[in-house]
Amino acid sequence: MSDSVKFTTSLDTTHAVVILEVPELDVEHESNLVLDVFPRECIFTAAPYHARISLDAAVKPGKAFPEKIDYEKNTITFRIPLESNTLKNEPQNDTGFRYGFYQQYCGPLALETSQDLRVLSHPELYSVSDRMKMMLKAETEDFRAEHYAMDHLQFFSDNLGLTLDSPPLAPKLSADQSYRIRVIMDEKQRQADVYSSIEDHSAVLLGLVDILLAVCYDRLTNGNELNEANSHTNIQRISATLSFFVEFNSIDEVLRSFFRRSCTYPFYRTRNIAKQCVDLMLTCIDTFDIREWIKHELMFAYDAFKTTDCAVMNHYYVKDYICYTELSINEELLTDYVADMKLSLPIVYGELLGFGEEKTLQKFIAELTGAFESDSTDSDDSDSEDEETDSCGSDTESASSKEDENPNENVLEKLMNLKLSG
Numbered sequence: 001m002s003d004s005v006k007f008t009t010s011l012d013t014t015h016a017v018v019i020l021e022v023p024e025l026d027v028e029h030e031s032n033l034v035l036d037v038f039p040r041e042c043i044f045t046a047a048p049y050h051a052r053i054s055l056d057a058a059v060k061p062g063k064a065f066p067e068k069i070d071y072e073k074n075t076i077t078f079r080i081p082l083e084s085n086t087l088k089n090e091p092q093n094d095t096g097f098r099y100g101f102y103q104q105y106c107g108p109l110a111l112e113t114s115q116d117l118r119v120l121s122h123p124e125l126y127s128v129s130d131r132m133k134m135m136l137k138a139e140t141e142d143f144r145a146e147h148y149a150m151d152h153l154q155f156f157s158d159n160l161g162l163t164l165d166s167p168p169l170a171p172k173l174s175a176d177q178s179y180r181i182r183v184i185m186d187e188k189q190r191q192a193d194v195y196s197s198i199e200d201h202s203a204v205l206l207g208l209v210d211i212l213l214a215v216c217y218d219r220l221t222n223g224n225e226l227n228e229a230n231s232h233t234n235i236q237r238i239s240a241t242l243s244f245f246v247e248f249n250s251i252d253e254v255l256r257s258f259f260r261r262s263c264t265y266p267f268y269r270t271r272n273i274a275k276q277c278v279d280l281m282l283t284c285i286d287t288f289d290i291r292e293w294i295k296h297e298l299m300f301a302y303d304a305f306k307t308t309d310c311a312v313m314n315h316y317y318v319k320d321y322i323c324y325t326e327l328s329i330n331e332e333l334l335t336d337y338v339a340d341m342k343l344s345l346p347i348v349y350g351e352l353l354g355f356g357e358e359k360t361l362q363k364f365i366a367e368l369t370g371a372f373e374s375d376s377t378d379s380d381d382s383d384s385e386d387e388e389t390d391s392c393g394s395d396t397e398s399a400s401s402k403e404d405e406n407p408n409e410n411v412l413e414k415l416m417n418l419k420l421s422g
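First residue of the sequence shown? That's 1 in UniProt numbering, and the numbers climb one at a time after it.
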């Protein structure tokens with residue numbers, strides 16, 4: 001064993017913070033990531049590392065488990081509670097507003113800002129209602145009506161080049177994913193009481209549905225394959241839970257948020273894909289074992305996040321949801337929400353997004369139908385000039401000519417009959 005592990009220590013108002021750098025350790029699969037804590041020091045042992053770390057304040061003895069694991073940088077962060085008689089004599093602003101799974105996290109967000117990770121930087125400074133207001137404001141600023149209108153109309157022509165009718169995949173975890181779930185369960189064992197003591201499951205389950213819908217979107221638009229270039233950003237940005245740490249009060253709120261965000265942030269932006277995502281999720285829940293399917297989808301998100309800046313979402317949400325699904329998910333309430341979703345989907349699908357997108361969509365339809373009608377008129381004039389020449393053609397040739405007369409006829413018909421609400 002080597003004592004060469006690099007580490008940093010610091011103190012906040014309630015905890016000693018220890019960050020270990022372990023480049024030679026496979027933190028993805030190592031299950032023994034534990035600090036043995038003594039009043040003024042802690043010991044870390046995981047081959048090939050062994051370190052005895054002195055602390056600048058008295059802490060509560062026992063075991064400390066990772067608060068955060070950075071799989072890209074191979075660093076592990078521990079927060080060790082200070083003894084009550086050594087707490088700093090200053091206002092404890094460390095708590096603030098709580099956030100994350102079941103609102104169990106507090107203090108500054110443990111992340112570095114990046115282009116990929118679009119997230120509320122300081123959730124501890126804002127109440128849940130304020131986060132919701134900030135999210136709605138950001139969506140209005142980020143929505144691009146032209147992008148939405150073009151995708152929405154092209155969908156009626158060629159489904160945006162996507163294959164959207166593939167049957168849902170049966171939930172089958174890989175050996176590595178099954179092992180990772182066991183590691184996560186071991187890592188979170190000290191929090192088992194948190195999951196079993198949840199009294200009101202509503203906000204937790206609605207957040208879970210929000211995340212699962214984002215995963216369904218990414219699966220549907222990436223052919224059920226994890227795309228290293230965009231799966232992590234798709235899931236994190238489409239999910240309001242993972243972007244703004246919000247909580248929902250109803251399935252209607254979840255669906256409206258999903259429709260708005262899936263038409264604002266990913267590459268393909270149309271409410272038609274959003275509806276197919278909801279339909280896909282409902283089919284999977286009705287077809288497969290609900291717990292196995294949920295774990296399968298959560299592990300998809302976990303794998304998408306783990307080597308990116310979005311890995312912090314595994315810490316604040318995904319791993320907790322995996323344990324919650326394994327230990328104490330309220331299936332009865334979830335079944336009620338699924339029934340509500342089936343009733344609400346046609347209503348939400350028929351509503352406008354609320355961005356004023358109908359004006360841009362109407363403009364695009366007018367321009368496209370005008371262009372098609374102009375092409376059709378030109379074609380009719382040309383046909384009139386050649387009418388005598390073509391009159392000798394066979395009936396078969398005439399029928400074929402009519403079929404090819406306007407290749408955009410089907411698209412035009414769809415556009416003329418298109419309801420602006422979707």
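Note that the Cβ used here is the ideal one computed from N, Cα and C, for glycine as well.
Strand pairing of residue i, partner residues [DSSP]
i           : result
residue 41  : 38, 54
residue 179 : Looking at the DSSP assignment, residue 179 forms no beta bridge with any residue, so it has no partner.
residue 81  : 15
residue 75  : 21, 70
residue 63  : 36
residue 9   : 18
residue 430 : Nothing in the structure corresponds to residue 430, since the chain is present only between 1 and 422.
Cβ-Cβ distance between residue i and residue j below 8 Å
i           : j           : result
residue 201 : residue 298 : no
residue 35  : residue 58  : no
residue 278 : residue 368 : no
residue 49  : residue 33  : no
residue 317 : residue 101 : yes
residue 292 : residue 123 : no
residue 67  : residue 77  : yes
residue 79  : residue 17  : yes
residue 220 : residue 294 : no
residue 288 : residue 215 : no
Nearest residue (CA-CA) to residue i, options the options
i           : options            : result
residue 72  : 33, 23, 80         : 23
residue 267 : 327, 367, 161, 193 : 161
residue 109 : 41, 346, 197, 243  : 243
residue 314 : 18, 28, 10         : 28
residue 343 : 275, 146, 45       : 275
residue 132 : 155, 253, 263      : 253
residue 363 : 170, 290, 203, 146 : 146
residue 118 : 237, 222, 174      : 237
residue 7   : 38, 51, 340        : 51
residue 206 : 16, 54, 256        : 256
residue 311 : 47, 10, 46, 69     : 69
residue 308 : 233, 45, 197, 165  : 233
residue 247 : 286, 135, 176, 166 : 135
residue 296 : 175, 125, 350      : 175
residue 193 : 37, 104, 261, 164  : 104
residue 261 : 60, 43, 44, 142    : 142
residue 361 : 319, 9, 269        : 269
residue 249 : 271, 215, 204, 223 : 204
residue 60  : 39, 45, 359, 350   : 39
residue 10  : 173, 55, 319, 187  : 55
residue 251 : 290, 210, 222      : 210
residue 319 : 195, 166, 358      : 195
Straight-line Cα distance separating residue j from residue i
i           : j           : result
residue 273 : residue 217 : 8 Å
residue 228 : residue 304 : 7 Å
residue 241 : residue 180 : 23 Å
residue 226 : residue 41  : 42 Å
residue 96  : residue 129 : 14 Å
residue 127 : residue 245 : 10 Å
residue 397 : residue 149 : Bear in mind that the predicted position of residue 397 carries a pLDDT of just 47, short of 50, making it unreliable; the figure below should be weighed with that in mind. Rounded to the nearest angstrom, the two C-alpha atoms are 38 Å apart.
residue 400 : residue 157 : Only weak support exists for where residue 400 lies, its pLDDT of 44 falling under 50; the value from the coordinates is given anyway. Rounded to whole angstroms, residue 400 to residue 157 spans 22 Å at the Cα level.
residue 231 : residue 239 : 12 Å
residue 47  : residue 328 : 34 Å
residue 92  : residue 340 : Any reading at residue 92 is ruled out, since the residue's pLDDT is 42, under 50, leaving its predicted position unreliable.
residue 88  : residue 12  : Low local confidence applies: a pLDDT of 44 at residue 88 is under 50, so the model's placement there is unreliable, and no value is given.
residue 189 : residue 321 : 13 Å
residue 5   : residue 281 : 45 Å
residue 83  : residue 62  : 12 Å
residue 20  : residue 258 : 38 Å
residue 286 : residue 337 : 13 Å
residue 155 : residue 347 : 21 Å
residue 121 : residue 224 : 31 Å
residue 394 : residue 271 : Bear in mind that a pLDDT of 48 at residue 394, under 50, signals an unreliable position, so the number given afterwards is only what the model happens to contain. Going by the C-alpha atoms only, they are around 46 Å apart.
residue 370 : residue 159 : 22 Å
residue 106 : residue 152 : 40 Å
residue 44  : residue 138 : 43 Å
residue 357 : residue 349 : 14 Å
Integer Cβ distance of residue i from residue j, believed to fall under 8 Å
i           : j           : result
residue 283 : residue 168 : 6 Å
residue 14  : residue 355 : Not a contact, Cβ separation roughly 43 Å.
residue 184 : residue 323 : 7 Å
residue 263 : residue 164 : About 16 Å separates the two Cβ atoms, so there is no contact after all.
beta-carbon residue i near the ligand GTP non-hydrogen atom, thresh 7 Å
i         : result
residue 7 : No copy of the ligand GTP occurs in the structure displayed, which carries no ligand at all.
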